[in-house]
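So the structure is just underneath, and the comments pick up after that.
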Amino acid sequence: MTDMIESLSGFGLGLRPPHFPALLDGIEGQWPGIDWFEVISENYIDVGGMPMRNLMRVRERYPMAMHGVSLSIGSTDPLDRDYLRGLKALADRLEPAVVSDHLCWTGAHGINLHDLLPLPLTEESLAHVADRVGQVQDALGRRIALENASTYVTYDSDSLTEWDFLSALTARADCDLLLDVNNIYVSAFNHGFDAQDYLAGIPGDRVRQIHLAGHENNGDHIVDTHDAPVVDPVWDLYSDTIRRLGPVPTMIERDAKIPPLEELVAELQRARRLSDNAVRGAAA
Amino acid sequence: MTAELADLQSMMQDRLLGGSDAIAGHLAQGGPFLKVYGNGYGARLHEVMADVFPGVHALIGDDGFARAVQDYTEAHPSRFRSIRWLGRDFPAWLADAPAWRGQPVVTEMAAYEWALSLAFDAPDRDPLPIEALASVAPEAWPGLTFDLHPALQAVRLSHDVAPFRRAAAEDQDPEAAPPKLEVPGVWAVWRDSETLIVRYRPLADDEAQGLEAVRGGGDFSALCEIAAETVPPEEVAARAAGFLKDWVDAGWITGLGGIPEAVLPSDR
Ligand SMILES: [Fe+2]
Numbered sequence: 007m008t009d010m011i012e013s014l015s016g017f018g019l020g021l022r023p024p025h026f027p028a029l030l031d032g033i034e035g036q037w038p039g040i041d042w043f044e045v046i047s048e049n050y051i052d053v054g055g056m057p058m059r060n061l062m063r064v065r066e067r068y069p070m071a072m073h074g075v076s077l078s079i080g081s082t083d084p085l086d087r088d089y090l091r092g093l094k095a096l097a098d099r100l101e102p103a104v105v106s107d108h109l110c111w112t113g114a115h116g117i118n119l120h121d122l123l124p125l126p127l128t129e130e131s132l133a134h135v136a137d138r139v140g141q142v143q144d145a146l147g148r149r150i151a152l153e154n155a156s157t158y159v160t161y162d163s164d165s166l167t168e169w170d171f172l173s174a175l176t177a178r179a180d181c182d183l184l185l186d187v188n189n190i191y192v193s194a195f196n197h198g199f200d201a202q203d204y205l206a207g208i209p210g211d212r213v214r215q216i217h218l219a220g221h222e223n224n225g226d227h228i229v230d231t232h233d234a235p236v237v238d239p240v241w242d243l244y245s246d247t248i249r250r251l252g253p254v255p256t257m258i259e260r261d262a263k264i265p266p267l268e269e270l271v272a273e274l275q276r277a278r279r280l281s282d283n284a285v286r287g288a289a290a
Numbered sequence: 002m003t004a005e006l007a008d009l010q011s012m013m014q015d016r017l018l019g020g021s022d023a024i025a026g027h028l029a030q031g032g033p034f035l036k037v038y039g040n041g042y043g044a045r046l047h048e049v050m051a052d053v054f055p056g057v058h059a060l061i062g063d064d065g066f067a068r069a070v071q072d073y074t075e076a077h078p079s080r081f082r083s084i085r086w087l088g089r090d091f092p093a094w095l096a097d098a099p100a101w102r103g104q105p106v107v108t109e110m111a112a113y114e115w116a117l118s119l120a121f122d123a124p125d126r127d128p129l130p131i132e133a134l135a136s137v138a139p140e141a142w143p144g145l146t147f148d149l150h151p152a153l154q155a156v157r158l159s160h161d162v163a164p165f166r167r168a169a170a171e172d173q174d175p176e177a178a179p180p181k182l183e184v185p186g187v188w189a190v191w192r193d194s195e196t197l198i199v200r201y202r203p204l205a206d207d208e209a210q211g212l213e214a215v216r217g218g219g220d221f222s223a224l225c226e227i228a229a230e231t232v233p234p235e236e237v238a239a240r241a242a243g244f245l246k247d248w249v250d251a252g253w254i255t256g257l258g259g260i261p262e263a264v265l266p267s268d269r
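These protein sequence lines map, in sequence, to chains Z and X.
For the first sequence, my numbering assigns the number 7 to the initial residue and increments by one for each residue that follows.
For the second sequence, my numbering assigns the number 2 to the initial residue and increments by one for each residue that follows.
As structure tokens, then:
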């Protein structure tokens, strides 16, 4: 695996099993319009058989990012060393350009709720998470990126904004960010902050990757469902993001009601167009 | 009063697992939307279980399955990093649950489906080449032990669950419940090492016992002792060797053990 492509640039998709046949047997080489893939790490840790064969065949054709959902960086449970070993073994095999997880916790007392639960945005949380990011980066031998999750509640004890929390965290722990533009929009709507303040407040030079996804607007709150196309206001916010940050590897996540690849690639072309326009507009 | 991180997490988790509402007193905003987390949790567990156990789902219906999943996940919340392990204890739980333990076809289906799931994506191991057996010195044979492929599973069945399961997994409504097998026994479920497709076949009783012994670290002489209960003495060695050849051919064996240094081929 010496000839693998190392860097992430351009526009990618979350790799989902229903697309394996089209990607691997429907075409030779790369699918037009897809520059890279992101895989859910947990789906391939200690896994073999057809899923791993398919994954490695995709890896031969595309650069990759690894995205985890169970690191539980904010939990007060001890870090799961077995999990970190598995994560490192997978990273050694895939040589991903980015290894990411979420700013969240997923369970306590040994239980995993398999959800991205919100942390109180306090100095206590900040110190706790920064310390653990350091341990994870030592265990993996590389930097990780943390993603802003969609949240539905905030805590009485919150004393920091999420963007200040992330700024302090990246500086203190020397880690990177995965910016989910849809999640900024969702959380801004749910909690009544200004998404522009968020964009202005995060350290742009730490952003390694961008996520886009669809959501479900219930009138008084938005749920991050990943089951629909990206909505126009999120596209606008994406343009704002690129105007501020310059070009960033960007991908679309779809986890339910997964359409044929063509449909997602068409949506991805919109990201490409908007990004190009934003970069040109910012330069003018 | 502000609660510390660990307390907030305990309270939040308690709420999502259906317990106390104490966390509501520590929220600044979004109390009504706690349900997003709660609903998401239940829906996610159900989705994963329905994906792994379509046969059980079809057998006991939507309501029965929803109830079984809810009761099971209450008793066995996930302690796994990957949610694909969620169903690990479901077959044993069903076999013991008052609502289902009188229905062996349900618990057999669950065990079969879990075996399929493990066989599908268990870690890869290189199968032992058949030549490796030929190079074992005669005096090493009695103490020879065998490493089994992690994808190889054994399930005891008294019903013909496979066709029903196949139909259920393909979303065709299976017509009738799985009939009783003419000969109940142990079935092997494994993954073909070339195609990676999951396969299954019934085992003769002594073959099943032998495989179980080998899994527990039993050596070739233990395999012979088991075969001796089925065939006359002069056929024992051939029967045990025949099992072994079939297992190696199917890729079930990945390594040999119990060979004293002195008789390792490289030392001769
Ligand atoms: Fe995301």
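All C-beta atoms in this analysis are idealised placements derived from N, C-alpha and C, irrespective of residue type, glycine included.
Since the model is a prediction, treat every value here as computed from it, not as a measurement.
For residue i, count neighbouring Cβ atoms within 10 angstroms of its own Cβ and tell me buried if that reaches 16, exposed if not.
i	result
isoleucine 33(Z)	exposed
alanine 111(X)	buried
glutamine 78(X)	According to the sequence provided, residue 78(X) is proline. The question's glutamine does not apply to it. Counting Cβ neighbours within 10 Å, proline 78(X) comes out buried, since at least 16 surround it.
glutamate 268(Z)	exposed
aspartate 186(Z)	buried
alanine 120(X)	buried
arginine 286(Z)	exposed
serine 78(Z)	buried
alanine 286(X)	What the structure shows of chain X is the stretch from 2 to 269, and residue 286(X) is not part of that stretch, so it cannot be assessed.
serine 13(Z)	exposed
glycine 19(X)	exposed
arginine 63(Z)	exposed
asparagine 40(X)	exposed
threonine 74(X)	buried
glutamine 202(Z)	exposed
aspartate 230(Z)	buried
aspartate 200(Z)	exposed
aspartate 268(X)	Bear in mind that the predicted position of aspartate 268(X) carries a pLDDT of just 44, short of 50, making it unreliable; the figure below should be weighed with that in mind. With fewer than 16 Cβ atoms within 10 Å of its Cβ, aspartate 268(X) is classed as exposed.
valine 184(X)	exposed
aspartate 9(Z)	Unreliable placement is indicated for aspartate 9(Z), whose pLDDT of 46 sits below 50; the coordinate value is still reported in the next sentence. Exposed, since its Cβ has fewer than 16 Cβ neighbours within 10 Å.
methionine 7(Z)	At methionine 7(Z), the pLDDT of 39 sits below 50, so the modelled position is not reliable; the number obtained from the coordinates is stated separately. Methionine 7(Z) should be labelled exposed.
glutamate 153(Z)	buried
alanine 29(X)	exposed
arginine 279(Z)	exposed
Report, in whole angstroms, the separation of the C-beta atoms of residue i and residue j, which I expect to be a contact under 8 Å.
i	j	result
serine 76(Z)	proline 126(Z)	Not quite, the Cβ-Cβ distance comes to about 20 Å (not below 8 Å), so this is no contact.
tyrosine 42(X)	aspartate 83(Z)	Actually they do not touch by this definition, with Cβ atoms about 18 Å apart.
cysteine 110(Z)	leucine 123(Z)	6 Å
isoleucine 227(X)	aspartate 148(X)	The Cβ separation is near 19 Å, so there is no contact.
glycine 65(X)	glutamate 114(X)	Contact doesn't hold; Cβ gap of about 15 Å is too wide.
arginine 202(X)	alanine 223(X)	That pair is no contact at about 22 Å.
serine 106(Z)	alanine 71(Z)	7 Å
alanine 277(Z)	threonine 247(Z)	No, alanine 277(Z) and threonine 247(Z) are not in contact; Cβ-Cβ is about 11 Å, not under 8 Å.
alanine 169(X)	histidine 58(X)	7 Å
serine 156(Z)	serine 193(Z)	6 Å
isoleucine 258(Z)	leucine 19(Z)	6 Å
glycine 217(X)	leucine 145(X)	The Cβ separation is near 15 Å, so there is no contact.
Of all the options the options, which has the alpha carbon lying nearest to the alpha carbon of residue i?
i	options	result
tryptophan 191(X)	Ile260(X), Asp250(X) and Asp15(X)	Asp250(X)
asparagine 224(Z)	Leu205(Z), Asn196(Z), Gln202(Z) and Asp238(Z)	Asn196(Z)
threonine 128(Z)	Val229(Z), Ala284(Z), Trp169(Z) and Asp86(Z)	Trp169(Z)
isoleucine 84(X)	Phe43(Z), Gly74(Z) and Ala277(Z)	Gly74(Z)
isoleucine 61(X)	Pro105(X), Arg16(X) and Gln30(X)	Pro105(X)
tryptophan 248(X)	Glu183(X), Val215(X), Val237(X) and Pro233(X)	Val215(X)
valine 187(X)	Arg167(X), Glu176(X) and Glu213(X)	Glu213(X)
valine 107(X)	Tyr38(X), Val162(X), Asp174(X) and Ser118(X)	Val162(X)
alanine 123(X)	Ile248(Z), Gly54(Z) and Ile46(Z)	Gly54(Z)
arginine 65(Z)	Ala277(Z), Cys181(Z) and Gly35(Z)	Gly35(Z)
aspartate 242(Z)	Gly198(Z), Asp180(Z) and Leu218(Z)	Leu218(Z)
leucine 129(X)	Lys246(X), Ala7(X) and Leu6(X)	Lys246(X)
proline 69(Z)	Gly80(Z), Pro38(Z) and Val104(Z)	Val104(Z)
glycine 256(X)	Leu134(X), Glu48(X), Pro139(X) and Phe81(X)	Leu134(X)
proline 209(Z)	Ile117(Z), Asp238(Z), Ala177(Z) and Leu21(Z)	Ala177(Z)
histidine 108(Z)	Ala114(Z), Asp41(Z), Glu259(Z) and Ile150(Z)	Ile150(Z)
proline 33(X)	Arg45(X), Arg16(X), Ala93(X) and Ala178(X)	Arg16(X)
leucine 119(Z)	Ser81(Z), Asp144(Z), Leu280(Z) and Glu259(Z)	Ser81(Z)
tryptophan 86(X)	Leu61(Z), Met72(Z), Pro102(Z) and Tyr50(Z)	Tyr50(Z)
alanine 114(Z)	Pro180(X), Arg80(X) and Leu95(X)	Arg80(X)
arginine 91(Z)	Tyr204(Z), Asp144(Z), Val237(Z) and Asp282(Z)	Asp144(Z)
alanine 44(X)	Leu35(X), Gln30(X) and Val70(X)	Val70(X)
Could you name the residues whose beta carbon sits closer than 5 Å to any heavy atom belonging to ligand 1, keeping them in chain order?
Asp186(Z) and His217(Z)
Going along the chain, which unbroken runs of the alpha helix (DSSP H) with 4 or more residues stay wholly within the segment 38-105 of chain Z?
55-67 and 87-100
Complete alpha helix (DSSP H) runs within the segment 201-238 of chain X (minimum length 4 residues, chain order)
206-216 and 221-228
Suppose only complete runs of 4+ residues qualify. What are the alpha helix (DSSP H) ranges in the segment 214-285 of chain Z, listed by chain order?
238-251
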